[in-house]
Amino acid sequence: MVPVVYACYAWIPDHLDKPLGKKKLEDAASKSADLQEEFVPSTTPVPHSFWRETFEIAKNPAFLASAFGLSAFTFTIQGMVAFAPAILIGYGLLSESIASTAFGGIVVLAGLIGSPLSGYILDKVVRGHEGDRFFRLHRAAFQMFVSIATGVALLLVSLGFMSSKFVFLGLVFLGFLFVFATQTVTTIVIMMSVSDAQRGYAMGLSTFIQHLFGDVPAAVILGALKDMWAPNCGSKVNASGKDVLDPNCHLDKDGLRYTLAFAYGWLLWTVLCWGITYIIGRKWHIKADAAKALAASPSVNVVAQE
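In terms of numbering that gives the first Met the number 0, the sequence shown opens at residue 0 and continues consecutively.
Printed below as a string of structure tokens:
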């Protein structure tokens, strides 16, 4: 954590390294009525209980769809981290000495490139609309959906090339590149789907859902499926007393491919959930634009003056 703390201290420009202050009323005047209500509430906010706040966020369809999509994403990633090296060894794609390192390198490199690149692209897309919550939600949800759909397609295609090591690993890298490109925009979607006051708790609730339906059951379920479909791919103790993969694992190549296909296929739930998120975000954006156009129409202004 020390390098990250130092980077935050030394590299964040002074004009950005400031606490959030009161938003200027003149800036709020040009925003939609919904945003004006957030900036200058017409009534004093009423504090909610823990359960009431949870219910308010949980009934938000955009939040729910994005959170459950993220939990399915986490399920696959955590399952792959646990079992992908053994699958690669058992299928004969990589040796025991480099399987974990090679797969870990693919995941790390894909994440290092995909996540910041995705954030940069989104910043370019929403430039000039930084204060428009629904525009940002719409664009981030679209980018999130396209990225995960492309990544899942590449991962599923890679299953057909498991006989060719370099083609398979290349497709896996490209697939994870697009999959990890969703991480930055997913955070934006979750935050933009709720009001300013709800964003902190929404992120916490999303993390809870992510663990409950994602990484907690992932290892158990995928491990059980691997044992069922590839029973010869457990570990054995060799002559030197070390745990090694069962030499008969090559007899269960089909079972290993089925396990990998299940892990990749589980991401289709993410595609479905984030597709729903995009549809909701687009609908909200259209309604917000219509409300702003109506508020700016001359007839409305004349009635308001009267």
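Ideal placement from N, C-alpha and C gives every residue a C-beta, glycine not left out.
With fewer than 16 other Cβ atoms from the protein chains shown falling within 10 Å of its own Cβ, HIS128 counts as exposed.
SER70 is a Cβ neighbour of GLY213, given a cutoff of 8 Å.
Straight-line measurement puts the Cα of TRP228 at about 52 Å from the Cα of ALA9.
Excluding sequence positions up to five before and after PHE141, its CB lies within less than 8 Å of the CB of TYR277, GLY280, ARG281, all in the same chain and listed in chain order. Residue pairing of LYS164 in beta bridges, as defined by DSSP: absent, with no partner found.
Annotated three-state conformation of VAL270 is helix, per DSSP.
At a Cβ-Cβ threshold of 8 Å, GLY78 and ALA262 count as neighbours.
Approximately 34 Å separates the beta-carbon atoms of CYS248 and CYS272; this is outside 8 Å, ruling out the contact.
In the structure shown, the three-state DSSP call for LYS282 is helix. Spanning the alpha carbons of LYS252 and GLY274 requires a straight line of approximately 33 Å. Assignment of LYS241 by DSSP, reduced to helix, strand and coil, places it in the coil class. Here DSSP, grouped into helix, strand and coil, assigns SER99 to helix. In this structure, PHE82 sits away from LYS286, with a CB-CB distance that is not shorter than 8 Å.
Annotation: the continuous alpha helix (DSSP H) that includes VAL145 extends over 132-157.
In the same chain as ALA217, and ignoring 5 residues on each side of it, the C-beta atoms closer than 6 Å to its own belong to PHE74, GLN77, GLY78, in chain order.
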